[in-house]
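Okay, so here's the structure we're looking at.
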Ligand SMILES: Nc1ncnc2c1ncn2[C@@H]1O[C@H](COP(=O)(O)OP(=O)(O)O)[C@@H](O)[C@H]1O
Ligand SMILES: N[C@@H](CCOP(=O)(O)O)C(=O)O
């Protein structure tokens, strides 16, 4: 095989109470990577479309190629020559798993070009290296769902133990991206290292409730469990109109609403696409009243994750 194209979707990480342990993918947007072999050895980024020239062109600094370099090293392949085109289809520092989408599309494309020596699950640690370069932390709650699809739970990082759980058929996500940027690295830096016993108990109850609610298709339980007493109170300060936008979502049919990843995007979960759209329009309107433009995506939970595209 001489050339390959792969797509990897945007993701909602944390899902309110599950900091670094919960995430799911949405249908769109997503990054697309094109790979083609060349005669000279080495991985070269020939073009990035859609980043306004902001992303590193150096293969060792961009999440899309860092993952390929790690994969090739693991497979002890030294002489491969490859040209990379990245279609950057989502904003940077968005809370939509932008760096993760590039990393996953990159590692899936390279694995395909090599004839799929690794399974999807085996690609995960390499995709996580893309997150390390982007945010200083190799968290898996964006790359996991972007790679595997579904609602992902990371039970443990050492050793890595990750699985997906079923979600109700009629569950829809609303993702609203206000036109501001928050660097995940900065949004991790401001978090406290200590958590009180009281908050730990509350958070554990919600984590258990959200898993049970999703698996039992108990929409009320899902809504009641979308509460984050640890991270949201700290990070929401970085998002203008956070409380008002969250209230707008809940008053307009959403089961619950919180920060998507490290923000500034906010997400809501709803029963049915009509509720998800209504909540999204209300959230967008609330941002607009404060003079902030916001993009809106309404989607089912993406069960497939990354895809190799026909040439
Ligand atoms: N291919 C890539 N796509 C997006 N960001 C990348 C990529 N490669 C490196 N980065 C770096 O990662 C940071 C953005 O990642 P992050 O803050 O995690 O955003 P997001 O929340 O959207 O994933 C920026 O500093 C950016 O330069
Ligand atoms: N668990 C991470 C998720 C970051 O998601 P992103 O989409 O903002 O990169 C965190 O909360 O830091």
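Numbering (UniProt numbering), first residue to last: 1 to 311.
Note that beta-carbon positions come from the ideal geometry of N, C-alpha and C, so glycine has one too.
Only a predicted model underlies this, so the values are computations on that prediction, with no experimental measurement involved.
Next on the checklist: Nearer than 7 Å: is that true of the beta carbon of residue 99 relative to any heavy atom of ligand 2?
Outcome noted: As a working mapping, residue 99 is identified with position 99 in the chain shown. Yes, Cβ of residue 99 sits closer than 7 Å to a heavy atom of ligand 2.
Item to check | Among 216, 262, 235 and 208, the one whose alpha carbon lies nearest that of residue 226 | outcome: Here residue 226 is taken as the residue at index 226 of the chain shown, counted from 1. Of the candidates 216, 262, 235 and 208, the one whose C-alpha sits nearest the C-alpha of residue 226 is 208.
Item to check | Classification of residue 106 by the beta-carbon crowding that lies within 10 angstroms, buried from 16 upward | outcome: As a position in the chain shown, residue 106 is number 106, starting the count at 1. The residue in question, residue 106, is buried, as its Cβ has 16 or more Cβ neighbours within 10 Å.
Checklist entry - Are the Cβ atoms of residue 190 and residue 234 separated by less than 8 Å? => result For the purposes of this step, residue 190 is taken as the residue at position 190 of the chain shown. For the purposes of this step, residue 234 is taken as the residue at position 234 of the chain shown. Cβ distance < 8 Å, so residue 190 and residue 234 count as in contact.
Checklist entry - With burial defined as no fewer than 16 other Cβ atoms inside 10 Å of the residue's Cβ, what is the status of residue 163: buried or exposed? => result Within the chain shown, residue 163 is the residue found at index 163, counting from 1. The residue is exposed, with fewer than 16 neighbouring Cβ atoms inside 10 Å.
Item to check | Contact belief for residue 13 with residue 31 at Cβ below 8 Å, rounded distance in angstroms | outcome: As a working mapping, residue 13 is identified with position 13 in the chain shown. As a working mapping, residue 31 is identified with position 31 in the chain shown. No, residue 13 and residue 31 are not in contact; Cβ-Cβ is about 16 Å, not under 8 Å.
Next on the checklist: Applying the 10 Å Cβ sphere with the 16-neighbour rule, what's the burial state of residue 304?
Outcome noted: By one-based count along the chain shown, residue 304 stands at place 304. Burial call: exposed.
Checklist entry - Is residue 63 near residue 102, with beta carbons less than 8 Å apart? => result Counted from its first residue, the chain shown places residue 63 at position 63. Counted from its first residue, the chain shown places residue 102 at position 102. Taking 8 Å as the Cβ cut-off, residue 63 and residue 102 qualify as a contacting pair.
Item to check | Closer than 7 Å: residue 215 CB and nearest ligand 2 heavy atom | outcome: In the chain shown, counting from the first residue as 1, residue 215 sits at position 215. Residue 215 Cβ: outside cutoff for every heavy atom of ligand 2.
Next on the checklist: If you follow the beta strand (DSSP E) that residue 5 is in, where does it begin and where does it stop?
Outcome noted: Taking the first residue of the chain shown as position 1, residue 5 is located at position 5. First-last of the beta strand (DSSP E) with residue 5: 3-13.
Checklist entry - Where residue 194 and residue 230 are concerned, what is the direct C-alpha to C-alpha distance, given to the nearest angstrom? => result The residue labelled residue 194 in the question sits at position 194 within the chain shown. The residue labelled residue 230 in the question sits at position 230 within the chain shown. Cα-Cα distance, rounded: 10 Å.
Checklist entry - Can you tell me whether residue 204 is buried or exposed, with buried defined as 16 or more other CB within 10 angstroms of its CB? => result Position 204 of the chain shown holds residue 204. Residue 204 comes out exposed.
Checklist entry - Whose C-alpha, out of 77, 134, 297 and 80, is nearest the C-alpha of residue 104? => result In the chain shown, the residue the question calls residue 104 occupies position 104. Nearest C-alpha to residue 104: 134.
Checklist entry - Apart from the five residues on each side of it in sequence, which residues of its chain come closer than 6 Å, Cβ to Cβ, to residue 44? => result In the chain shown, counting from the first residue as 1, residue 44 sits at position 44. 83.
Next on the checklist: Taking 6 Å as the limit between beta carbons, can you name the residues of its chain near residue 242, skipping five residues before and five after?
Outcome noted: Here the question's residue 242 lines up with position 242 in the chain shown. Within the same chain, residue 242 has close Cβ partners 236.
Checklist entry - In terms of residue numbering, what span does the alpha helix (DSSP H) encompassing residue 207 cover? => result Taking the chain shown and counting its residues from 1, the one referred to as residue 207 is at position 207. Per DSSP, residue 207 belongs to the alpha helix (DSSP H) from 197-216.
Checklist entry - From residue 251 to residue 275, what distance separates their C-alpha atoms? => result Against the chain shown, residue 251 aligns to sequence position 251. Against the chain shown, residue 275 aligns to sequence position 275. Looking at the two C-alpha atoms, the distance is approximately 10 Å.
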